[in-house]
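Under our numbering, think of the first position of the sequence shown as 759, with each following residue one higher.
C-beta atoms are modelled at their ideal positions from N, C-alpha and C, and glycine is treated no differently.
Here's the structure, in C-alpha cells; my notes come after.
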Amino acid sequence: MARNSLSIASLLIPSLLAVGCVIMPPPQSGGGPGGGAGPGQTSSMATPSTPEAPTPPSTGTPPSTPEKTPDVKPAPPSSINVRNLCSKTVQLFIGDRPKFGSGTKTSIGGNTGTTFPRKPDGTVMIWIIDDHENGITSVTANADVKNVEIGSSCKDLSAK
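This is the structure in C-alpha cells:
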C-alpha cells in the first residue's frame, strides 16, 4: 500500500507543476519596451485571472459595415461586323468625315462580310462614299450595336 501511495504522489507532484507552467500570468505594464520588469526591478508571479474569450481573427473590414461591390462594366467591343447584301463592291469610309476627316477609306465586296475596328469607347461611324469620296449615307454604331448591313440597293446602311 505504501508503494502505491508513493507512486501516486510521485506522479501527482510533477503533474501539478506542469499545469502551473502552462498557465501564463497576464503581461505586466510599465518598465521597458517589452512591458516587463525594468532594470533593478524584479518580476513577480501573478495569479492567473479569469481567461478571456478568444478574439476572432481580423478580416480587415468590420463586419457591421457591408461593402458594396462596384459595378464593373465589361469593356466595349473592339470591332463591328459589316455585311454587304448588295451584289456589287461598295466603297466605304470608316471615320467621322469622309474626304476631309481622318479615317480609313476601304471597300467591301458584294455579298460578303468583314469586321472593322471601333474607337476605344466602342463607337464607330461608317459611310458609303462615291468615287470622289463624298459621303452618300452614314450610320453611327454605339457599343450596343453588333452588326451593320449595307442594303441590296448598295446605297443604304442599317445598324442591327
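Using 8 angstroms as the limit for Cβ to Cβ distance, is residue i near chain D?
i, result
"Val-848", "Protein chain content of the structure displayed is limited to a single chain, and chain D is not contained in it."
Helix, strand or coil: how does DSSP classify residue i here?
i, result
"Gly-867", "coil"
"Glu-754", "Only positions 759 to 918 of the chain appear in the structure, and residue 754 is not among them; the question remains open."
"Pro-875", "strand"
"Gly-796", "Its pLDDT being 48, under 50, Gly-796 is placed unreliably by the model, and the measurement read from it follows with that caveat. Note: Gly-796 maps to coil in three-state DSSP."
In this structure, what does DSSP give as the bridge partners for residue i?
i, result
"Leu-850", "Thr-864 and Ile-886"
What residue does the beta strand (DSSP E) around residue i start on, and which one ends it?
i, result
"Val-840", "837-842"
"Ser-916", "915-917"
"Ser-896", "893-899"
For residue i, which residues in the same chain have their Cβ closer than 7 angstroms to its Cβ, ignoring the five residues on either side in sequence?
i, result
"Ser-802", "For Ser-802, the predicted structure reports a pLDDT of 48, less than 50, and the residue's modelled location is therefore unreliable. The matter cannot be settled from this model."
"Ile-852", "Gly-861, Thr-862, Thr-864, Phe-874, Val-882 and Ile-884"
"Ser-836", "Pro-875 and Arg-876"
"Thr-827", "none"
"Asp-854", "Gly-861 and Met-883"
"Cys-912", "Cys-844, Lys-846 and Val-848"
Beta-carbon within less than 8 angstroms of residue i's beta-carbon, same chain only, minus the 5 sequence neighbours each way: which residues are those?
i, result
"Asn-716", "No statement about residue 716 is possible, as the shown extent of the chain runs from 759 to 918 and does not include it."
"Val-840", "Leu-850, Ile-866, Gly-871, Thr-872, Thr-873, Phe-874, Ile-884, Asn-905, Val-906, Glu-907 and Ile-908"
"Ser-916", "Val-897, Val-906, Glu-907 and Gly-909"
"Asp-888", "Gln-849 and Ile-894"
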